[in-house]
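Visitor: Submitted below is the structure of interest, expressed as structure tokens.
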Amino acid sequence: VAKDPFGEECKTLAYPPSGPTYKGKVPTYIINLDLPPSERWVQLTRDKAAEVKDVLKLMKDILTTFLHSGKFIASLESKLAWLGSTLPYPFNEEIKGIASAIDAPLGDIVLFNIFYEVFTV
Amino acid sequence: CTSIVAEDTTGKLYHARNLDFGLFLGWDVNASSWRTTQKLKPLMVSLDFQRNNKTVFRSANFAGYVGMVSGIRPGIFTLTMNERFSLDGGYIGVFEWLLGQRNGWWMSFLTRSVLENSTSYEDAKDRLAHSKLLAPAYFILGGNKSGEGCVITRSRVAALDIWDLDTKNGVWYVVETNYDRWKPPLVLDDRRSPARNCLNQTRQENISLPALYNILSTKPILNKLTVSTTLLQVSEGHMETYLRECPDPCSPW
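Sequence order for the protein chains is A and B.
Taken in order, the first sequence gives residues 213 to 333; the numbers are from the working numbering.
Taken in order, the second sequence gives residues 5 to 257; the numbers are from the working numbering.
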């Protein structure tokens with residue numbers, strides 16, 4: 213506590229969640245693994261289409277900040293779409309299904325799904 | 005991120021994590037928060053993966069993200085993943101993949117595959133420790149028997165360290181943030197010491213999911229990057245996930 217200017221005493225009464233540090237519960241969805249991979253995520257991603265597109269736009273904004281070139285990003289998008297086709301089954305099919313369900317560029321959904329590998333630097 | 009696996013005095017295992025994401029990806033001055041962190045919160049969902057109308061595993065995940073970062077195989081194991089930063093990072097693995105060297109796993113696809121296919125704690129541990137990866141990572145795994153809990157520190161090609169629970173020798177919890185356990189954390193980002201301090205104050209006989217939520221609600225373990233808190237209890241197959249906010253004053257990471 214002495215070292216960290218934001219540190220505080222250990223909380224003991226935060227549960228059940230409430231108050232200013234709690235922003236709500238998350239919704240539950242069933243993913244049916246018996247469906248073809250391209251159909252598994254359709255309901256969920258359609259329900260969250262606006263939010264997914266919002267994040268994709270933010271990711272592109274971040275890339276634009278670093279790369280400064282719309283043309284390069286467009287070229288990168290098409291290469292990411294190709295990269296998506298090299299991903300292992302069933303993940304490649306699931307990602308295609310998500311892009312198709314919300315009418316988003318495949319490259320954008322691929323980037324969202326490999327964000328971890330790209331940003332561990 | 006902060007992940008904890010703890011065992012109570014009866015041998016019951018608990019697992020919890022704060023999911024932190026969005027560092028350096030744009031600060032929103034008006035909202036006093038990271039832009040990516042805020043945008044990811046509405047995407048957070050709880051998923052129940054079923055086959056033949058029966059649950060295979062559950063996960064707390066982002067909509068549109070087919071890999072896994074937190075999940076539970078009821079009655080068998082719990083799993084979370086924390087980001088591990090390294091110069092030998094994921095961009096090298098991606099580059100190799102682009103050049104046609106495709107024998108490694110994308111991190112979140114491996115965790116998904118383990119949750120979907122592994123039917124024992126030992127099998128999950130073995131796959132997480134020995135599968136080749138495109139990026140380094142920390143895997144935090146909990147089982148359903150006394151002593152089944154560990155942190156696996158991974159480089160892209162090998163397990164650098166496996167830190168197991170050892171209640172007979174007083175190791176009743178393992179806690180992982182984003183630093184190798186044999187090195188001190190960055191002075192400006194020490195969430196490990198507060199987490200350990202709170203766990204020690206709580207004590208083994210009092211550990212429970214509410215107690216872990218309390219610990220994960222303590223700043224700076226809770227910080228401006230925290231998207232959600234997930235609580236997992238393997239023997240009951242229980243998972244609960246809550247969106248989080250860290251009002252000022254609050255650590256930016």
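Using N, Cα and C, we set each Cβ at its ideal position, and we do this for glycine too.
If the criterion is Cβ atoms closer than 7 Å, does the pair B:F66 and B:L47 meet it?
Guide: By 1-based counting over the second sequence, the position of residue 66 of chain B is 62. By 1-based counting over the second sequence, the position of residue 47 of chain B is 43. Taking 7 Å as the Cβ cut-off, B:F66 and B:L47 qualify as a contacting pair.
Visitor: Are the beta-carbon atoms of A:I307 and A:I326 separated by less than 7 Å?
Guide: By 1-based counting over the first sequence, the position of residue 307 of chain A is 95. By 1-based counting over the first sequence, the position of residue 326 of chain A is 114. No, they are not a contact pair.
Visitor: Return the chain-ordered list of same chain residues with a C-beta closer than 6 Å to the C-beta of A:K223, the five sequence neighbours on each side being excluded.
Guide: Taking the first residue of the first sequence as position 1, residue 223 of chain A is located at position 11. Taken in chain order, the list of residues that qualify is empty.
Visitor: I'd like to know whether the C-beta atoms of B:L138 and B:G104 end up nearer to each other than 7 Å.
Guide: Walking along the second sequence from the start, residue 138 of chain B turns up at place 134. Walking along the second sequence from the start, residue 104 of chain B turns up at place 100. No, the Cβ-Cβ distance between B:L138 and B:G104 is not below 7 Å.
Visitor: With a threshold of 7 Å between beta-carbons, can A:I274 be considered close to chain B, or not?
Guide: Start at 1 with the first residue of the first sequence, and residue 274 of chain A comes out as number 62. For A:I274, the answer is yes, since a Cβ of chain B falls inside 7 Å of its Cβ.
Visitor: Spell out whether any CB of chain A is found under 7 Å from the CB atom of B:D252.
Guide: For the purposes of this step, residue 252 of chain B is taken as the residue at position 248 of the second sequence. By this cut-off, B:D252 is not an interface position.
Visitor: Closest Cβ-Cβ distance between B:R200 and chain A: below 7 Å?
Guide: Position 196 of the second sequence holds residue 200 of chain B. No, no contact with chain A.
Visitor: Tell me the residue span of the alpha helix (DSSP H) that contains A:L268.
Guide: As a working note, residue 268 of chain A is residue 56 in the first sequence. First-last of the alpha helix (DSSP H) with A:L268: A261 to L279.
Visitor: Do you know offhand how far B:T40's Cα is from B:K172's?
Guide: To locate residue 40 of chain B, count along the second sequence from 1; it is residue 36. To locate residue 172 of chain B, count along the second sequence from 1; it is residue 168. Their backbone Cα atoms lie some 43 Å apart in a straight line.
Visitor: What residue does the alpha helix (DSSP H) around B:T115 start on, and which one ends it?
Guide: Here residue 115 of chain B is taken as the residue at index 111 of the second sequence, counted from 1. M111 to N121 is the extent of the alpha helix (DSSP H) around B:T115.
Visitor: So, with DSSP's three-state summary, where would you put B:T6?
Guide: Taking the second sequence and counting its residues from 1, the one referred to as residue 6 of chain B is at position 2. Correct three-state label for B:T6: strand.
Visitor: Measure the alpha-carbon distance for B:W257 versus B:V33 and round it to whole angstroms.
Guide: Stepping through the second sequence from its first residue, residue 257 of chain B is reached at position 253. Stepping through the second sequence from its first residue, residue 33 of chain B is reached at position 29. Answer to the nearest angstrom: the Cα atoms are 15 Å apart.
Visitor: I want to verify the contact list: residues of chain A whose CB lies under 8 Å from the CB of B:S122, in sequence order.
Guide: Mapped onto the second sequence, residue 122 of chain B falls at position 118. Simply none; closest approach about 15 Å.
Visitor: If we cut at 7 Å on Cβ distances, does A:I285 have a partner in chain B?
Guide: Residue numbering aside, residue 285 of chain A sits at position 73 when the first sequence is read from its first letter. No, its Cβ sits nowhere closer than 7 Å to a Cβ of chain B.
Visitor: Cβ atoms of B:E87 and B:N227: under 7 Å apart, would you say?
Guide: Translated into the one-based positions of the second sequence, residue 227 of chain B becomes position 223. Translated into the one-based positions of the second sequence, residue 87 of chain B becomes position 83. Not closer than 7 Å, so no.
Visitor: Rounded to a whole number of angstroms, what is the C-alpha to C-alpha distance between B:A133 and B:A162?
Guide: For the purposes of this step, residue 133 of chain B is identified with residue 129 of the second sequence, where counting begins at 1. For the purposes of this step, residue 162 of chain B is identified with residue 158 of the second sequence, where counting begins at 1. Near 7 Å, if we compare the C-alpha coordinates of B:A162 and B:A133.
Visitor: Below 8 Å CB to CB, which residues in the same chain sit around B:I271 once its five sequence neighbours on both sides are set aside?
Guide: No information on residue 271 of chain B is available, as it lies outside the stretch 5 to 257 that chain B covers here.
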